[in-house]
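Quick notes on the structure that follows.
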Amino acid sequence: MNCRFCNGEMKFIYKIENYDIIQCKRCYTARVLNMPYEGELKNFYSGYTFQCDENVKNLLTKDIFREWFKSFNLPKDALMLDIGGGGGGFSYAFEFFKIGKSFYIDLDSKACDFARNIMGIKNILNMDIAKLDINEKYDFIYCRHVIEHLKEPYKLIEKACHLISEEGVFVLHFPNGLSLERFGYKDIMKNKVNKIAKSNNISRFQAYKLFLSKQFCHGLDPINHLWAITQKGLSYYLDKLGYKYQIKYAKLDDKIYSPYFYYQSINERIRASFINLTLTKLYGGAHLIFFIRAEQSRAEQSRAEQSSNV
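Here this note's numbering is used: the first residue of the sequence shown is -16, the next is one more, and so on.
Have a look at this one:
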């Protein structure tokens, strides 16, 4: 089997419970080999993404988020598509700051009801983005921690890219598959280490050693997360499609890209500072963000020019 992102060769690295995990030798993107059935996913996610309360309004309407939206230089009366919007906080903030009109899409009917009835979002689509059949283009497309949950994330990515307006941006935010930031949090890591040790009949020490050879696969945790996608893997994929993009890494405590995370003690802050000076320096923070634009890449433009001159 070849990698769907870079076409590199995939190899088995370990099991997590009943799931075989394979990883690309070229870009290190990892995935579940034996994907769960649709019925299993439907049962697991029934109400799962409904993890929000009305307090998110106060959190996401701080000035820091106003400046974040403004940094994209969006046109007046911009259109936003909030993919997998959960509780609808970002859609709400987009309209609160009067940037434009938001369109919210999510598979979870309970999350959609919350976004409509509590957050006051009017444009709600309770459906799969891959099945969205419209000609509308959007100036700001946001997809936060969604693709790692999907059996075929590349389909969502390609669909969303086709919906970017000429001056628009698609902000794709997901776990950084190679990040070791969470490796420094023993309490967070304990469950995953124990799962891998038990599933593969190896010691916890051997499980930790696996992680030091780019097999940590941050974010991969079936049945919840089915992929650990890397910067290298998605870069190959977007280059092939011909889109321009910029990349950012963000730490667990980033105020924009991790607004719901907070430290409960001074000791946790001290530990985080040490981790940020060590493990985070290796492969970046826990969050990976791609800013994708509709313009063709230089390589695509060059090929187009060469074809026209033939």
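Virtual Cβ for every residue (Gly too), placed ideally from N, Cα, C.
Classify residue -15 as buried or exposed, calling it buried when 16 or more other Cβ atoms lie within 10 Å of its own Cβ.
In the sequence shown, counting from the first residue as 1, residue -15 sits at position 2. Residue -15 should be labelled exposed.
Buried or exposed by the 16-neighbour rule on C-beta atoms within 10 Å, applied to residue 117
The residue labelled residue 117 in the question sits at position 134 within the sequence shown. By the neighbour-count rule (16 or more Cβ atoms within 10 Å), residue 117 is not buried but exposed.
Spatial distance of residue 274 from residue 155 (CA atoms):
Position 291 of the sequence shown, counted from the start, is the residue given in the question as residue 274. Position 172 of the sequence shown, counted from the start, is the residue given in the question as residue 155. Rounded to whole angstroms, residue 274 to residue 155 spans 7 Å at the Cα level.
Continuous alpha helix (DSSP H) stretch holding residue 249: start and end:
Stepping through the sequence shown from its first residue, residue 249 is reached at position 266. Run containing residue 249: 249 to 260, per the alpha helix (DSSP H) assignment.
Would you check if the distance between the CB atom of residue 67 and the CB atom of residue 126 is smaller than 9 Å?
Within the sequence shown, the letter at position 84 stands for residue 67. Within the sequence shown, the letter at position 143 stands for residue 126. A contact, by the Cβ cut-off of 9 Å.
Please go through the segment 47 to 81 and give each complete alpha helix (DSSP H) segment of 4 or more residues, from N-terminal end onward.
72 to 79
For a test of the three-state rule: what should DSSP assign to residue 140, helix, strand or coil?
Start at 1 with the first residue of the sequence shown, and residue 140 comes out as number 157. Residue 140: helix per DSSP, three-state reduction.
By how many angstroms is the C-alpha of residue -3 removed from the C-alpha of residue 215?
In the sequence shown, the residue the question calls residue 215 occupies position 232. In the sequence shown, the residue the question calls residue -3 occupies position 14. If you take the alpha carbons of residue 215 and residue -3, they lie about 22 Å apart.
Could you check whether the segment 232 to 243 touches the segment 261 to 273, counting it as contact only if at least three pairs of C-beta atoms, one from each stretch, sit closer than 8 Å?
yes
Mind checking whether residue 211 and residue 167 have CB atoms under 9 Å apart?
Working through the sequence shown from its first residue, we reach residue 211 at position 228. Working through the sequence shown from its first residue, we reach residue 167 at position 184. No. Outside cutoff.
Taking the straight line between their C-alpha atoms, what separation do you get for residue 287 and residue 225?
Residue numbering aside, residue 287 sits at position 304 when the sequence shown is read from its first letter. Residue numbering aside, residue 225 sits at position 242 when the sequence shown is read from its first letter. Legend: pLDDT at residue 287 = 45, less than 50; position of this residue unreliable, value from coordinates given subsequently. For residue 287 and residue 225, the distance between alpha carbons rounds to 11 Å.
List the DSSP bridge partners of residue 158.
Here residue 158 corresponds to residue number 175 of the sequence shown, with the count starting at 1. In the DSSP output, where bridge partners are listed per residue, residue 158 has 270.
Within its chain, find whatever has a CB closer than 7 Å to the CB of residue 85; leave out the 5 residues flanking it on each side and keep chain order.
Here residue 85 refers to the residue found at position 102 when the sequence shown is read from its first residue. Counting only Cβ-Cβ distances below 7 Å, and skipping sequence neighbours, we find 63, 65, 74, 77, 78, 104, 106.
Using only CA atoms, which one of 251, 196, 4, 72 lies nearest to residue 48?
Numbered from 1 along the sequence shown, position 65 holds the residue referred to as residue 48. Of 251, 196, 4, 72, the residue nearest in Cα terms is 72.
Check whether residue 153 and residue 146 have beta carbons under 9 Å apart
Locating residue 153 in the sequence shown gives position 170, counting from the first residue. Locating residue 146 in the sequence shown gives position 163, counting from the first residue. Yes, Cβ-Cβ distance for residue 153 and residue 146 is below 9 Å.
Apply the 10 Å Cβ neighbour rule to residue 184 and answer buried if 16 or more other Cβ atoms are within range, or exposed otherwise.
Position 201 of the sequence shown, counted from the first residue, corresponds to residue 184. Result: exposed.
Cβ distance (whole Å) where residue 134 is taken to contact residue -7 below 8 Å
For this step, residue 134 is matched to residue 151 along the sequence shown. For this step, residue -7 is matched to residue 10 along the sequence shown. With a Cβ gap of about 15 Å, residue 134 and residue -7 do not count as contacting.
Please report the residue range of the beta strand (DSSP E) in which residue 5 lies.
On the sequence shown, position 22 is the one that residue 5 refers to. Per DSSP, residue 5 belongs to the beta strand (DSSP E) from 2 to 7.
What are the start and end residues of the beta strand (DSSP E) that includes residue 126?
As a working mapping, residue 126 is identified with position 143 in the sequence shown. Residue 126 -> beta strand (DSSP E) spans 121 to 127.
Would you grab the beta carbon distance between residue 11 and residue 197 for me? Rounded to a whole angstrom, and I think it's under 8 Å.
The count along the sequence shown starts at 1 and reaches residue 11 at position 28. The count along the sequence shown starts at 1 and reaches residue 197 at position 214. The pair is a contact, with the Cβ atoms about 5 Å apart (cut-off 8 Å).
Check the DSSP bridge columns for residue 14 and list the partner residues they point to.
By 1-based counting over the sequence shown, the position of residue 14 is 31. According to DSSP, which records beta bridges pairwise, residue 14 is partnered with 5, 210.
Can residue 234 and residue 164 be called in contact, C-beta distance under 9 Å?
Residue 234 sits at position 251 when you count from the first residue of the sequence shown. Residue 164 sits at position 181 when you count from the first residue of the sequence shown. Contact flag set, yes.
Let me know the secondary structure DSSP gives residue 244 once reduced to three states.
For the purposes of this step, residue 244 is identified with residue 261 of the sequence shown, where counting begins at 1. Residue 244 falls in the coil class under three-state DSSP.
Assuming contact is defined by CB atoms lying nearer than 9 Å, are residue 227 and residue 278 in contact in what I supplied?
Against the sequence shown, residue 227 aligns to sequence position 244. Against the sequence shown, residue 278 aligns to sequence position 295. Yes.
At the 9 Å Cβ level, is residue 218 part of the contact set with chain C, yes or no?
Although the question refers to chain C, the structure presented lacks it and comprises just one protein chain.
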